[in-house]
Amino acid sequence: MTRADAFAVQMGTPSLALMERAGTAVADAVARAPLTTRVLVLCGPGNNGGDGFVAARVLAQRGFRVRLALLGDLDRLAGDAATVARQWKGPVDEPAALDLSACDIIVDALFGAGLARDLDGAAKALVERMAAAGRPIVAVDLPSGLDGSTGRVRGAAAPARETVTFFRRKPGHLLEPGRSLCGKVRVADIGIPDAAIAAVRPAAFVNLPAAWQHAFPRPASLGHKYDRGHAVVASGDAWTSGAARLCARGALRAGAGLVTLACPAGVLALQAGSYAAIMAREAADARGLAYLLEDRRLHTVALGPGLGVGAETRLRVAAAAPGRRLVLDADALTAFAGDVPALAGLLAEAEACVITPHAGEFARLFASEAQVLGAASKLAGARAAARRLGAVVVLKGPDTVVAEPGGRAMIAENAPAFLATAGAGDVLAGFVTGLLAQGMPAFEAAGAAVWLHGEAAREAGPGLIADDLPEALRAVYGRLFTALAG
89 MTRADAFAVQ MGTPSLALME RAGTAVADAV ARAPLTTRVL VLCGPGNNGG DGFVAARVLA
149 QRGFRVRLAL LGDLDRLAGD AATVARQWKG PVDEPAALDL SACDIIVDAL FGAGLARDLD
209 GAAKALVERM AAAGRPIVAV DLPSGLDGST GRVRGAAAPA RETVTFFRRK PGHLLEPGRS
269 LCGKVRVADI GIPDAAIAAV RPAAFVNLPA AWQHAFPRPA SLGHKYDRGH AVVASGDAWT
329 SGAARLCARG ALRAGAGLVT LACPAGVLAL QAGSYAAIMA REAADARGLA YLLEDRRLHT
389 VALGPGLGVG AETRLRVAAA APGRRLVLDA DALTAFAGDV PALAGLLAEA EACVITPHAG
449 EFARLFASEA QVLGAASKLA GARAAARRLG AVVVLKGPDT VVAEPGGRAM IAENAPAFLA
509 TAGAGDVLAG FVTGLLAQGM PAFEAAGAAV WLHGEAAREA GPGLIADDLP EALRAVYGRL
569 FTALAG
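For the sequence shown, my numbering assigns the number 89 to the initial residue and increments by one for each residue that follows.
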């Protein structure tokens, strides 16, 4: 944002004009709130506080009863913040002397995305009082105390009903707990031109179709099933074989032309009879899988769901890796717990690989990798893991991050809470597998699969079980392909 602001100024927009527009956007948000006449604006010592001074002045001009308090010394304000502070004609109160509940709404203009350290002392105490006041809060840029890069709380943070940010959202608006603390996020246009994107060169994106639709496979009128790839899903024994079935079903629904379950003899009949459109072949162990994969048309392989943890799973990964597109989930990751070098060595032989861990699997796999587990945020950790493995990482959760070794990343925001159900991750691995089988690049395939997974859950609705997700994908695809055709 510093570079974006500087670019706007270079292009002829005064920095003071940017602050005026930012403060006016905050005032507009407050004015939209119902039953609001008494407004308390809490200003900090920097430009975020300057936005608050502008909002207070605009609201007062519109007839609201406004009180303003400044954390810090008025005489020490500098630059644009000092200029707009002089334009405020009302009193400037001491926050410690105020009853924060004696208002209808609070404007939190204390600290924004540039917070550089944990809150302490008077700043922390004020934020804690604001959180306890029981009044709706409109936050300027970010709730004070929230780290804009990581979404983590630095000392204290008060949850906002609405957050008004500028130009583009920051990672802290999307990564938890930041997302939950921000409430509704409104992005205000304050006059920074879109051309500033080229100057900023962001590498993180919201996971929306715009980020991957250029690579999304479209069915061709003259195409056939072999054009859409043949995926293999490795299956474990009977009591865990359902996970592989869910993965295979997900791969087929995502568009793979053919899907084969590679399974031990004891579950061959069970798997063959489960889904008529999915084939089953015996592959009792790594040797059997290697024999099956001598057919080079079987180009995409998913391993992990219900496969079991141990040396045999590691051997299966080794058998599948050379020259193929891999999806590793669940047991295929835990089998390499604390041994990232061994996994990275195998993945170096693969054409492409996507791993799909949840937080627990991620922590086990990278237990000996301090630079990964010690990363400042989920986003940074996923990027570090992708670089370490040379693979695309899907770090799952309500704010699923997809990262690739070069640093590009997507953050999802469309997963409903009821998606947290047994087997949902197996279906996600299947969606990735199905898209990889059709030739979609790994980073885009992973991002698309995560978005489709969230949309399928929204389509299925509350009460969904994992089996519903592949079926719900039909309606999601219908809308997506209509949009892509337009």
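Even for Gly, the Cβ is constructed at its ideal location relative to N, Cα and C.
Contact belief for residue i with residue j at Cβ below 8 Å, rounded distance in angstroms
{"i": "Val347", "j": "Ala319", "result": "5 Å"}
{"i": "Leu334", "j": "Pro393", "result": "7 Å"}
{"i": "Ala440", "j": "Arg471", "result": "At roughly 17 Å, the Cβ-Cβ gap does not stay under 8 Å, so Ala440 and Arg471 are not in contact."}
{"i": "Val172", "j": "Phe141", "result": "4 Å"}
{"i": "Val294", "j": "Ile499", "result": "6 Å"}
{"i": "Asp206", "j": "Arg242", "result": "4 Å"}
{"i": "Ala548", "j": "Ala276", "result": "The pair is not a contact, with the Cβ atoms about 34 Å apart (cut-off 8 Å)."}
{"i": "Ile280", "j": "Ala468", "result": "That pair is no contact at about 25 Å."}
{"i": "Pro297", "j": "Leu568", "result": "7 Å"}
Nearest residue (CA-CA) to residue i, options the options
{"i": "Cys191", "options": "Ala497, Asp206, Ala344, Arg153", "result": "Arg153"}
{"i": "Tyr379", "options": "Ala408, Glu400, Thr388", "result": "Ala408"}
{"i": "Thr422", "options": "Arg164, Arg337, Gly396", "result": "Gly396"}
{"i": "Ala350", "options": "Ala479, Gly324, Ala121", "result": "Gly324"}
{"i": "Val428", "options": "Gly411, Val415, Pro410, Arg402", "result": "Arg402"}
{"i": "Ala525", "options": "Leu310, Leu230, Val442", "result": "Val442"}
{"i": "Ser189", "options": "Val129, Val241, Arg164", "result": "Val129"}
{"i": "Ala331", "options": "Ala390, Lys313, Ala430", "result": "Ala390"}
{"i": "Ile553", "options": "Val515, Ala571, Leu572, Thr570", "result": "Val515"}
{"i": "Gln175", "options": "Ala432, Ser237, Ala143", "result": "Ala143"}
{"i": "Val45", "options": "Pro305, Cys131, Arg567, Gly522", "result": "The structure shown does not extend to residue 45, since the chain is modelled only from 89 to 574, so the question has no answer here."}
{"i": "Trp327", "options": "Phe304, Gln359, Asp181", "result": "Gln359"}
{"i": "Arg404", "options": "Pro290, Gly478, Leu377", "result": "Leu377"}
{"i": "Gly151", "options": "Asp116, Cys131, Val355, Ala537", "result": "Asp116"}
{"i": "Arg257", "options": "Ala299, His302, Ala201, Pro305", "result": "Ala201"}
{"i": "Thr112", "options": "Val127, Leu162, Pro102, Arg145", "result": "Arg145"}
{"i": "Gly574", "options": "Asp208, Gln301, Leu214, Thr251", "result": "Gln301"}
{"i": "Ala582", "options": "Ala353, Pro352, Ala344", "result": "No answer is possible for residue 582: it lies beyond the span of the chain, which begins at 89 and ends at 574."}
{"i": "Thr125", "options": "Pro102, Gly239, Gln149, Ser103", "result": "Gln149"}
{"i": "Ala336", "options": "Ala357, Met367, Val355, Pro352", "result": "Met367"}
{"i": "Gly354", "options": "Ser329, Tyr363, Ala432", "result": "Ser329"}
{"i": "Gly494", "options": "Pro352, Arg546, Ala292", "result": "Ala292"}
Contact check, residue i vs residue j, beta carbons under 8 Å
{"i": "Leu234", "j": "Ala245", "result": "yes"}
{"i": "Ile278", "j": "Leu106", "result": "yes"}
{"i": "Pro247", "j": "Gly266", "result": "no"}
{"i": "Phe136", "j": "Leu198", "result": "The identity of residue 136 in the sequence shown is Asn, whereas the question assumes Phe. Closer than 8 Å, so yes."}
{"i": "Val490", "j": "Gly535", "result": "yes"}
{"i": "Ala503", "j": "Thr488", "result": "yes"}
{"i": "Val118", "j": "Leu147", "result": "yes"}
{"i": "Leu483", "j": "Phe531", "result": "no"}
{"i": "Ala374", "j": "Glu400", "result": "yes"}
{"i": "Gly398", "j": "Gly527", "result": "no"}
{"i": "Leu561", "j": "Ala544", "result": "yes"}
{"i": "Pro133", "j": "Arg341", "result": "no"}
{"i": "Pro410", "j": "Glu437", "result": "yes"}
{"i": "Thr444", "j": "Gly513", "result": "yes"}
{"i": "Asp196", "j": "Ala221", "result": "no"}
{"i": "Ala286", "j": "Arg91", "result": "no"}
{"i": "Leu572", "j": "Phe304", "result": "yes"}
{"i": "Ala508", "j": "Val520", "result": "no"}
Through-space distance from residue j to residue i, alpha-carbon basis
{"i": "Arg476", "j": "Leu461", "result": "12 Å"}
{"i": "Ala406", "j": "Thr253", "result": "48 Å"}
{"i": "Glu370", "j": "Gly518", "result": "20 Å"}
{"i": "Gly542", "j": "Gly100", "result": "42 Å"}
{"i": "Asp93", "j": "Ala497", "result": "23 Å"}
{"i": "Ile194", "j": "Met89", "result": "25 Å"}
{"i": "Met218", "j": "Ala184", "result": "11 Å"}
{"i": "Lys466", "j": "His446", "result": "11 Å"}
{"i": "Asp282", "j": "Ala211", "result": "35 Å"}
{"i": "Ala170", "j": "Leu156", "result": "15 Å"}
{"i": "Thr388", "j": "Leu230", "result": "43 Å"}
{"i": "Pro551", "j": "Ala372", "result": "Residue identity differs from the one stated: residue 551 is Gly in this sequence, not Pro. Taking the straight line joining both Cα atoms gives about 36 Å."}
{"i": "Gln459", "j": "Val481", "result": "15 Å"}
{"i": "Leu435", "j": "Pro122", "result": "56 Å"}
{"i": "Glu492", "j": "Glu108", "result": "39 Å"}
{"i": "Gly167", "j": "Ser232", "result": "21 Å"}
{"i": "Ser576", "j": "Gly485", "result": "This structure does not reach residue 576, given that the chain is present from 89 up to 574, and the question cannot be answered."}
{"i": "Asp139", "j": "Pro290", "result": "25 Å"}
{"i": "Pro529", "j": "Ala473", "result": "19 Å"}
{"i": "Gly478", "j": "Leu214", "result": "45 Å"}
{"i": "Lys310", "j": "Arg385", "result": "One detail in the question is off: residue 310 reads as Leu in this sequence, not Lys. Cα-Cα distance, rounded: 20 Å."}
Chain C contact for residue i (CB, 8 Å cutoff)
{"i": "Gly243", "result": "In the displayed structure, chain C is absent; only one protein chain is listed."}
What are the start and end residues of each continuous alpha helix (DSSP H) run of 4 or more residues lying completely inside the stretch 385 to 449, in chain order? The DSSP assignment places complete alpha helix (DSSP H) segments of no fewer than 4 residues inside the stretch 385 to 449 at 399 to 408, 419 to 422, 428 to 435, in order along the chain.
Mind pulling the alpha helix (DSSP H) runs of 4 or more residues that sit fully within the stretch 242 to 281? Counting whole runs of 4 or more residues, the stretch 242 to 281 contains the alpha helix (DSSP H) stretches 259 to 262, 266 to 270.
Which runs of the beta strand (DSSP E) fall wholly inside the stretch 290 to 332 and span at least 3 residues, in chain order? 292 to 294, 318 to 322, all fully within the stretch 290 to 332.
Tell me the start and end of each unbroken beta strand (DSSP E) in the stretch 163 to 226 that is at least 3 residues and wholly inside, in chain order. List check, beta strand (DSSP E) in window: 193 to 197.
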